[in-house]
Ligand code: ADE
Ligand code: ZN
């Protein structure tokens, strides 16, 4: 089964590029940019990655991002992630970036997006990995700051597929961003939002009804509301679930308690993703392997996660068809064994 998982073609829809900054690269960039880190070495950094909840993680995550200064830094970060995609048989990835984490430190919006974008294009050419870019607003910051960020993005709209909403969910429900999401959608962007990670099921309703999202990021708290479960199943609203993240941030005590297979059984369009792999113990294969060990899904369920991700991805019909073909070819040759 582990071999099956490693070979399974995958699609990732929930990945914060800043959360793929491994301590080794963090130290390399700190040295390159003359920045002093609060850790003596890589081991000490890893040892500090113990979290009680989302906020205790975010404090460390934003601090790590301070080493990202130049366009080359953002390129190197993104390229390193794409190499992990290649190793894990990820065919297509839709990644988040948090411009405000950088513009608030005086790094130009253009520096951030140019570095990320050029690495994604090179990944397509040299690695055959297709990708899309999603710009997230930090929900602990103001509506005005989100509008400013959307303004800065306007010269780059052709490089973006969607806007997203991340950072501290508790105390920052979706409604603050109703107007900025409306403007982003009017500009032709799709929309996603983190909801129902730590926060209540009502945040999922509000993301759907107020922000008009195309996907919910996380969404595992939907089980609190049976009516919402029916709505999500009937509309095939995708949930981008992140198993290792949910354990590290104590959304569930143990992987054995994770509800992802129940959601799949209920007919929801759930997918498997890595969120912030450098901080949570692994990339796509690691997430699938951890699920396998704790919950023993069958092969058809594992393939269904990729099928759902292909359904949920922001692709043209032709692109979607190509990915489905790859998955069907894999299933035809590996399914019965
Ligand atoms: N930013 C990076 N990872 C996040 C997560 N899991 N939830 C909310 N904001 C985030
Ligand atoms: Zn996330």
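In full-length UniProt numbering, the protein residues as written are 1 to 337. Glycine included, C-beta positions come from ideal geometry on N, C-alpha and C. Computed from a prediction, not measured in an experiment: that's the story for all the values here.
Taking 8 Å as the cut-off, one finds no heavy atom of the ligand ADE near enough to the beta carbon of residue 73. Nearest to residue 262 by alpha-carbon distance, out of 253, 282, 274, 241, is 241. The stretch 215-233 makes contact with the stretch 261-281; the number of CB pairs closer than 8 Å reaches 3 or more. At the C-beta level, residue 106 and residue 61 stay beyond 9 Å of one another. Taking a cut-off of 8 Å for Cβ pairs, the stretch 144-157 and the stretch 198-215 do not touch, as fewer than three such pairs fall below it.
Under the Cβ criterion (8 Å, minimum of three pairs), the stretch 134-142 counts as touching the stretch 87-103.
In this structure, the beta-carbon distance from residue 193 to residue 180 does not fall below 9 Å. Only buried fits residue 246, as 16 or more other CB atoms lie within 10 angstroms of its CB. Between the ligand ZN and residue 245, a heavy atom-to-CB distance of less than 8 Å is present. 143 is the residue among 155, 143, 186 whose C-alpha sits nearest the C-alpha of residue 175. Counting along the chain, residue 247 sits inside the alpha helix (DSSP H) bounded by residues 243-248. Exclusion of the five residues before and after residue 168 leaves 54, 55, 58, 139, 140 as the residues of its chain whose Cβ lies within less than 7 Å of its Cβ.
Here residue 64 carries a helix assignment [DSSP, helix/strand/coil]. Using a cutoff of 8 Å, the CB of residue 172 does not count as near the ligand ADE, since none of the ligand's heavy atoms is closer than that. The Cβ-Cβ distance between residue 288 and residue 10 falls below 9 Å. Listed in chain order, the beta strand (DSSP E) runs fully inside the stretch 93-144 are 130-138, counting runs of at least 3 residues.
Secondary structure of residue 328 (DSSP, three-state): helix. Using a cutoff of 8 Å, the CB of residue 167 counts as near the ligand ADE, since one of the ligand's heavy atoms is closer than that.
When distances are taken from the beta-carbon of residue 242 to the heavy atoms of the ligand ZN, the shortest one is below 8 Å.
Along the stretch 23-75, the alpha helix (DSSP H) occurs as fully enclosed runs of 4 or more residues at 23-33, 42-47, 54-64, listed in sequence order. The beta-carbon distance between residue 163 and residue 186, rounded to whole angstroms, is 11 Å. This is too long to meet the 8 Å contact definition.
Excluding the 5 residues flanking it on each side, residue 22 has same chain C-beta neighbours closer than 6 Å at 278, in chain order. Take residue 254, set aside five residues on each side of it, and the residues of its chain with a beta-carbon closer than 8 Å to its own are 247, 294, in chain order. Where residue 260 is concerned, the enclosing alpha helix (DSSP H) starts and stops at 260-265. Taking residue 183 as the centre and dropping the five residues before and after it, the same chain places the C-beta of 150 closer than 7 Å to its C-beta, in chain order. By the Cβ criterion, the stretch 72-92 is in contact with the stretch 110-130, since at least three pairs of Cβ atoms, one from each stretch, lie closer than 8 Å.
In this chain, the alpha helix (DSSP H) harbouring residue 303 covers 299-312. Counting along the chain, residue 216 sits inside the beta strand (DSSP E) bounded by residues 215-218. Not a single heavy atom of the ligand ZN lies less than 8 Å from the C-beta of residue 140.
Taken in chain order, the complete alpha helix (DSSP H) segments of 4 or more residues contained in the stretch 141-167 are 143-153.
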